[in-house]
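Notes for the one structure printed next.
In this note's numbering, the protein residues as written are 29 to 163.
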């Protein structure tokens, strides 16, 4: 199955269709990951073989300045690669091609970093229960 072509069709069929540049970047980033996977394991890409540890391994390799996959990746580029992979694995999960999204934990961790003590949720609870402003 051509995962990239199916991913591209999904992106273009989306109601909130991303720009052509965004689609191009997503596909390039995912293609780099797939190429890295195939070179690393000498086997065709299988999304069922991808787990969070493999993503960590990939991240470590692309962070290295002399990496064969990507030379001198900046923090901004790394963020984009993860965003592209997160979108790709969300697509695979929605199409039932994988059972567990290897980046789902990362998505949850990002949400935790934004509000690690769940203050917003607590504030909303206090407001809904009509607690006094001093509380």
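We put the CB at the ideal spot given by N, CA and C, even for glycine.
Checklist line | Neighbour-count burial assignment, residue 102, 16 or more Cβ in a 10 Å radius | finding: exposed
Notebook entry, point to check: Ordered along the chain, which non-local residues of its own chain (more than five positions away) have a Cβ less than 6 angstroms from that of residue 88?
Noted result: Excluding sequence neighbours, residue 88 sits near nothing in its chain.
Checklist line | Rounded C-alpha distance that separates residue 113 from residue 42 | finding: 17 angstroms
Check: Is it right to say residue 155 is buried, meaning 16 or more other beta carbons lie within 10 angstroms of its own, or is it exposed?
Finding: With fewer than 16 other CB atoms across the displayed protein chains lying within 10 angstroms of its CB, residue 155 is exposed.
Check: Enumerated in chain order, which unbroken segments of the alpha helix (DSSP H) with a length of 4 residues or greater are wholly contained in the segment 33 to 101?
Finding: 48 to 69, 80 to 91
Item checked: Cβ pair count under 8 angstroms reaching 3, the segment 43 to 56 against the segment 72 to 88 -> Because the criterion of three Cβ pairs below 8 angstroms is not met, the segment 43 to 56 and the segment 72 to 88 do not touch.
Item checked: Endpoints, alpha helix (DSSP H) assigned at residue 156 -> 147 to 156
Item checked: Buried or exposed (CB count within 10 angstroms, at least 16 for buried), residue 150 -> Result: exposed.
Check: Of the choices 121, 90, 62, whose alpha-carbon is the least far from that of residue 32?
Finding: 62
Notebook entry, point to check: Between residue 128 and residue 162, what straight-line distance do the alpha-carbon atoms span, to the nearest angstrom?
Noted result: 44 angstroms
Next item on the list: Report buried or exposed for residue 117, applying the criterion of at least 16 other Cβ atoms within 10 angstroms of its Cβ.
Entry: buried
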